[in-house]
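Per numbering that gives the first Met the number 0, the sequence shown starts with residue 0, numbered consecutively. Virtual Cβ for every residue (Gly too), placed ideally from N, Cα, C. Fair warning: this is a prediction, and the values are worked out from it, not measured in the lab.
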Amino acid sequence: MEEIKNLDIKYRNQIGDNNNIAEQFLKPCLKHFSKWRRCTLGFSSSALKTWAGNLKNIVEHKDKTIEIICDINSPNEDYHLMQALEHCSTKEKKIETLLKYQEDIIKTAFGADKAGGDSPKFKKKYGWRLLHYLIANEQLVIKFAINLISEGSNLYHEKAGYFEFPDGSKVAHEGSFNESDSGHRWNIESVSVFSSFRESDAERVQRTIDDVNEDWSGSPSVETRTLSKKTLDIIKSNAPRKVPQRQSKRPVGDQQDFDEKKSVPLNVPLIPEMINGKPFKLRGHQEKAYDEWRKRGDGILWHATGSGKTITSLYSLSKLSLGPKQKIIAIIQIPTTPLADQWVDQLKIFNLNAIECYGSRDSWYSQLKEQILFFKNRKGPYILPIIVLDRTYSLEPFQECLEEILDSYRQNVFYICDECHRFAKKDKTEKLPNVKFKMGLSGSPFYTDNQDSPGDEELLKYFGDIIDEKYEITQALTDKVLTPYDYFPIKTFLNDEEFEDIKEIEQKMGQSGSNEDGELSEAGQILAGKRNRILATTEEKLKVFKKTLEKKEISLTKSKTLFFVGDGSTEVEFTEKEASKTVSLRMLDSVKRITNQKGYISQQFTCDETKAERKEIIKDFSNGVLDALIAIRVLDEGIDIPGIRTAFLLASSANRRQYVQRRGRILRRADDKNKSFIYDFIVLPPNGKNCSFVKREVFRLLEIGKDCDNKEIVKNEMKFILENYDINDDEIQKNAKDFLNK
Numbered sequence: 000m001e002e003i004k005n006l007d008i009k010y011r012n013q014i015g016d017n018n019n020i021a022e023q024f025l026k027p028c029l030k031h032f033s034k035w036r037r038c039t040l041g042f043s044s045s046a047l048k049t050w051a052g053n054l055k056n057i058v059e060h061k062d063k064t065i066e067i068i069c070d071i072n073s074p075n076e077d078y079h080l081m082q083a084l085e086h087c088s089t090k091e092k093k094i095e096t097l098l099k100y101q102e103d104i105i106k107t108a109f110g111a112d113k114a115g116g117d118s119p120k121f122k123k124k125y126g127w128r129l130l131h132y133l134i135a136n137e138q139l140v141i142k143f144a145i146n147l148i149s150e151g152s153n154l155y156h157e158k159a160g161y162f163e164f165p166d167g168s169k170v171a172h173e174g175s176f177n178e179s180d181s182g183h184r185w186n187i188e189s190v191s192v193f194s195s196f197r198e199s200d201a202e203r204v205q206r207t208i209d210d211v212n213e214d215w216s217g218s219p220s221v222e223t224r225t226l227s228k229k230t231l232d233i234i235k236s237n238a239p240r241k242v243p244q245r246q247s248k249r250p251v252g253d254q255q256d257f258d259e260k261k262s263v264p265l266n267v268p269l270i271p272e273m274i275n276g277k278p279f280k281l282r283g284h285q286e287k288a289y290d291e292w293r294k295r296g297d298g299i300l301w302h303a304t305g306s307g308k309t310i311t312s313l314y315s316l317s318k319l320s321l322g323p324k325q326k327i328i329a330i331i332q333i334p335t336t337p338l339a340d341q342w343v344d345q346l347k348i349f350n351l352n353a354i355e356c357y358g359s360r361d362s363w364y365s366q367l368k369e370q371i372l373f374f375k376n377r378k379g380p381y382i383l384p385i386i387v388l389d390r391t392y393s394l395e396p397f398q399e400c401l402e403e404i405l406d407s408y409r410q411n412v413f414y415i416c417d418e419c420h421r422f423a424k425k426d427k428t429e430k431l432p433n434v435k436f437k438m439g440l441s442g443s444p445f446y447t448d449n450q451d452s453p454g455d456e457e458l459l460k461y462f463g464d465i466i467d468e469k470y471e472i473t474q475a476l477t478d479k480v481l482t483p484y485d486y487f488p489i490k491t492f493l494n495d496e497e498f499e500d501i502k503e504i505e506q507k508m509g510q511s512g513s514n515e516d517g518e519l520s521e522a523g524q525i526l527a528g529k530r531n532r533i534l535a536t537t538e539e540k541l542k543v544f545k546k547t548l549e550k551k552e553i554s555l556t557k558s559k560t561l562f563f564v565g566d567g568s569t570e571v572e573f574t575e576k577e578a579s580k581t582v583s584l585r586m587l588d589s590v591k592r593i594t595n596q597k598g599y600i601s602q603q604f605t606c607d608e609t610k611a612e613r614k615e616i617i618k619d620f621s622n623g624v625l626d627a628l629i630a631i632r633v634l635d636e637g638i639d640i641p642g643i644r645t646a647f648l649l650a651s652s653a654n655r656r657q658y659v660q661r662r663g664r665i666l667r668r669a670d671d672k673n674k675s676f677i678y679d680f681i682v683l684p685p686n687g688k689n690c691s692f693v694k695r696e697v698f699r700l701l702e703i704g705k706d707c708d709n710k711e712i713v714k715n716e717m718k719f720i721l722e723n724y725d726i727n728d729d730e731i732q733k734n735a736k737d738f739l740n741k
């Protein structure tokens with residue numbers, strides 16, 4: 000305690016001097032204290048990571064506690080937060096929004112952020128485990144402060160605290176040093192120190208303690224809140240049961256990073272114990288699929304969107320390597336960049352770090368060539384994961400690497416194709432690798448129920464039969480793998496001009512012919528695009544949409560909403576006598592304007608955003624800073640958005656696969672979600688008139704309506720359509736009557 004008695008009256012960070020705050024003031028206090036209560040502004044995730052090493056001795060003494068009341072830096076630096084605050088109509092709503100923002104910082108630091116803040120590199124570290132242990136054992140307590148003087152618009156800027164020591168002595172401090180890594184090491188900052196060992200400091204010590212305690216308890220000027228139970232539960236579920244110990248690193252093989260916690264090199268697969276804060280175990284349908292695939296080594300995983308196809312495939316991959324301890328090159332082919340980014344994150348759960356073969360050639364080519372060379376000397380179990388986009392796969396640099404892989408290691412290759420239905424066309428699989436281990440993933444792989452179109456046969460010929468059996472949305476709902484839902488078809492009508500335009504287009508489509516898979520010819524597809532654009536942007540649709548948002552049950556539950564607007568920047572090139580013309584629609588802007596008017600804090604979610612921007616948007620949506628996402632195409636193929644509760648289908652294609660996948664995405668399970676709600680804008684001709692596109696609207700209504708909880712509402716809409724329009728399709732009429740008679 001001598002070093003506490005001899006503390007100076009002031010410390011300041013300076014160059015060329017040992018008189019810095021961290022070493023000369025904080026270190027001795029943290030060594031001897033029993034309690035530290037601290038008010039601060041600049042307390043971020045960086046601070047939590049930084050202090051972890053200095054708090055080592057706390058875990059050895061259960062009577063030591065640190066209590067921190069903090070603001071989380073300037074809200075003005077967060078664009079989405081500022082948008083959210085502008086839409087807060089009451090003081091209570093503003094405070095609630097600020098608290099969500101603050102808690103997100105803590106979630107990120109503790110790996111409780113499901114939207115991507117849980118950095119694998121940080122999670123492996125001793126500090127990550129130590130922080131979890133401290134908060135789980137209530138030795139680190141965090142409260143948030145809201146400045147009530149400005150209703151949260153300005154910062155809680157108090158910078159003071161005090162240490163208590165086992166002998167009853169106290170040391171108070173005031174000053175501008177902050178808790179961040181940069182603050183206590185690099186900023187020019189100072190702290191004044193008042194000690195009970197100095198009689199002249201007695202009044203200042205007590206005054207500082209009283210001020211800090213008043214803020215800790217809450218006052219007319221400061222409101223305080225603790226971490227939510229949900230966040231605490233996630234942190235506690237990840238906390239080690241025993242005091243975490245720092246382990247020394249030992250040398251490992253070339254290019255292999257060391258996992259300090261598990262003592263396992265990177266890319267040696269690990270079956271995770273936890274995923275998203277919950278114990279990991281395959282569900283029944285996943286286990287059956289894995290067992291069947293293990294016997295065969297190939298096949299199509301026909302499982303509903305949202306039922307865990309990615310995890311099933313990565314579990315199969317990991318087991319393939321772990322079982323016989325063999326080394327594997329995993330080639331994972333993906334259609335879009337956002338989906339590829341998602342796979343990169345999922346692989347990390349299994350301790351696998353992928354080479355990302357997309358973007359510029361310079362970003363992946365040399366790394367891939369190098370790792371192919373190193374693979375020769377690898378010892379199993381080991382996996383080299385390669386994620387490749389379709390457009391990269393066909394390029395010469397990747398084909399050169401693929402040829403090298405197949406020439407040397409063909410028996411060690413496992414080819415995984417996500418959204419494999421895109422290869423269900425004649426001769427489309429010709430360039431896919433001829434390897435022993437294969438798995439195609441899709442929630443809706445085939446064009447026909449009998450799987451007998453040339454495209455379907457192509458898919459089966461390459462990948463092999465369905466693994467185990469198909470697992471569709473109906474079964475997933477029964478097994479409670481997906482969330483139950485209500486479905487609300489909303490009728491909208493074409494005006495006379497729109498009707499005549501579509502009728503003319505459909506006549507031309509009928510004359511354009513189709514290919515051997517039953518698909519429209521190229522000319523027919525261009526015409527279908529024109530028709531779809533009219534159906535997506537009918538004059539009445541936006542008016543009905545606006546009125547729908549005003550309904551009480553919708554206006555009171557804005558959060559976790561998704562608006563599907565089709566391809567809001569749809570560009571269709573068509574050639575007539577003149578040069579190609581580009582037609583662009585901006586449905587997204589209209590929906591954005593209307594949702595803003597109705598009080599939604601929304602953000603577009605498209606392929607135009609960068610990887611970092613998409614992660615930030617998903618995080619803000621997940622944590623409630625954003626109410627809604629307006630999605631354009633990117634969510635039609637594989638992307639997971641956590642917690643979607645309500646969805647509006649403002650534009651839908653004639654492709655059954657699209658709304659099957661959308662439905663599965665909406666119905667994904669989440670902790671705070673018991674039910675989903677789907678609002679589908681059905682487009683119909685003016686009363687008394689007929690058009691062939693009505694069949695596709697009825698088909699979608701039947702497909703989504705068959706599994707919903709509110710079938711009577713759907714039946715009423717179906718009766719209206721059957722009574723007012725001629726559906727010249729025997730199969731649809733039969734299905735509609737069967738649905739009505741259930």
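Alpha carbon to alpha carbon, how far is residue j from residue i? Give it in angstroms, no decimals.
{"i": "residue 498", "j": "residue 531", "result": "12 Å"}
{"i": "residue 537", "j": "residue 731", "result": "25 Å"}
{"i": "residue 648", "j": "residue 230", "result": "32 Å"}
{"i": "residue 724", "j": "residue 331", "result": "47 Å"}
{"i": "residue 146", "j": "residue 70", "result": "9 Å"}
{"i": "residue 341", "j": "residue 63", "result": "41 Å"}
{"i": "residue 543", "j": "residue 592", "result": "15 Å"}
{"i": "residue 679", "j": "residue 486", "result": "8 Å"}
{"i": "residue 726", "j": "residue 693", "result": "7 Å"}
{"i": "residue 686", "j": "residue 491", "result": "11 Å"}
{"i": "residue 541", "j": "residue 586", "result": "9 Å"}
{"i": "residue 820", "j": "residue 22", "result": "In the structure as shown, the chain begins at 0 and stops at 741. Residue 820 is therefore absent and cannot be evaluated."}
{"i": "residue 741", "j": "residue 627", "result": "35 Å"}
{"i": "residue 190", "j": "residue 168", "result": "19 Å"}
{"i": "residue 655", "j": "residue 290", "result": "30 Å"}
{"i": "residue 682", "j": "residue 521", "result": "25 Å"}
{"i": "residue 10", "j": "residue 171", "result": "13 Å"}
Can you tell me which residues form a DSSP beta bridge with residue i?
{"i": "residue 416", "result": "332 and 439"}
{"i": "residue 38", "result": "68 and 159"}
{"i": "residue 302", "result": "470"}
{"i": "residue 430", "result": "None; residue 430 has no bridge partner."}
{"i": "residue 563", "result": "630 and 648"}
{"i": "residue 667", "result": "481"}
{"i": "residue 192", "result": "172"}
Is it right to say residue i is buried, meaning 16 or more other beta carbons lie within 10 angstroms of its own, or is it exposed?
{"i": "residue 417", "result": "buried"}
{"i": "residue 407", "result": "exposed"}
{"i": "residue 447", "result": "exposed"}
{"i": "residue 377", "result": "buried"}
{"i": "residue 438", "result": "buried"}
{"i": "residue 237", "result": "buried"}
{"i": "residue 372", "result": "exposed"}
{"i": "residue 606", "result": "exposed"}
{"i": "residue 464", "result": "exposed"}
Quick check on DSSP: helix, strand or coil for residue i?
{"i": "residue 356", "result": "strand"}
{"i": "residue 325", "result": "coil"}
{"i": "residue 285", "result": "helix"}
{"i": "residue 742", "result": "Summary: the structure shown does not reach residue 742, with the chain confined to residues 0 through 741, and so no result is reported for it."}
{"i": "residue 346", "result": "helix"}
{"i": "residue 317", "result": "helix"}
{"i": "residue 490", "result": "strand"}
{"i": "residue 274", "result": "strand"}
{"i": "residue 452", "result": "coil"}
{"i": "residue 376", "result": "coil"}
{"i": "residue 339", "result": "helix"}
Please check the pair residue i and residue j, which I expect to be a contact at CB under 8 Å, by giving their CB distance rounded to whole angstroms.
{"i": "residue 387", "j": "residue 357", "result": "7 Å"}
{"i": "residue 384", "j": "residue 351", "result": "5 Å"}
{"i": "residue 346", "j": "residue 353", "result": "5 Å"}
Hey, would you say the C-beta of residue i is under 8 Å away from at least one heavy atom of the ligand ATP?
{"i": "residue 675", "result": "As far as ligands go, the structure on display features none, and thus does not contain the ligand ATP."}
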